[in-house]
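Here the structure is laid out as C-alpha cells; the discussion comes afterwards.
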Amino acid sequence: MKDNLIALLAGLLFGLGLGLSQMIDRDRVLGFLDVTGVWDPTLLFVLGGAVGVTIIAFRFVLRRSHPIWADKFYLPTKKDIDLPLVIGAAIFGVGWGIAGYCPGPGITALVLGMWNPVLFVLALIAGSLTYKSLSQR
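Here is the structure:
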C-alpha cells in the first residue's frame, strides 16, 4: 500500500509539472520540434530545469546505500547500444513528432477533454500490446 501511495504522489507531482510547463500542449511541443519552421524554444527551459535538478540531486541520492523506501537502487545495467534500442528510439521519435505527445504528457493530457490524447493513449496501448505479442515469439 505504501509503495502505491508513493507512486501515486510521484505521478501526481510529475503530471502537475507537465501541466505547468505546458508539455501537455501538443502545439507547443510540435513548435519545439519544428526547428526549420517557426521554432518555439521555450521547452528548452523545461529540459534545462530537469537536467539541472537531476545533475544536482543524483550526486546526493546515489551516495545513499539504498533509497528511503526500498532495499536497493534499480539502475540500468545494460550499457551497449543495439539494434532494438535504435529502432525503438526511432519509432518513439517519429511518434512524438507526429502526435506531439510522449507517454507521460499524453496520459496527463487526458484531463483536457480532447480527442487527440485519447487517440494517442489508445495507440500507445495498441503498440505496447503488439510489441508484447511479437517479443514473446
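So the sequence shown is numbered by my numbering: it starts at 21 and just counts up by one.
By construction, the Cβ of each residue, glycine as well, lies at the ideal position given by its N, Cα and C atoms.
| query | result |
| --- | --- |
| Whether G69 touches W59 by CB criterion (8 Å) | no |
| Straight-line gap, L149 to F112 (C-alpha atoms, nearest Å) | 15 Å |
| Host alpha helix (DSSP H) of F146 (start-end) | The displayed chain sequence assigns Ala, not Phe, to residue 146. Where A146 is concerned, the enclosing alpha helix (DSSP H) stretches over W135 to S155. |
| C122 to L105 span [Cα, whole Å] | 17 Å |
| Closest Cα partner of G126 within the set L25, P96, L28 and F34 | F34 |
| Straight-line gap, L32 to I44 (C-alpha atoms, nearest Å) | 14 Å |
| Extent of the continuous alpha helix (DSSP H) run through I26 | K22 to L40 |
| Contiguous alpha helix (DSSP H) assignments of at least 4 residues, all confined to the region 55-109 | 63-81 |
| Element boundaries [alpha helix (DSSP H), containing G124] | P123 to T128 |
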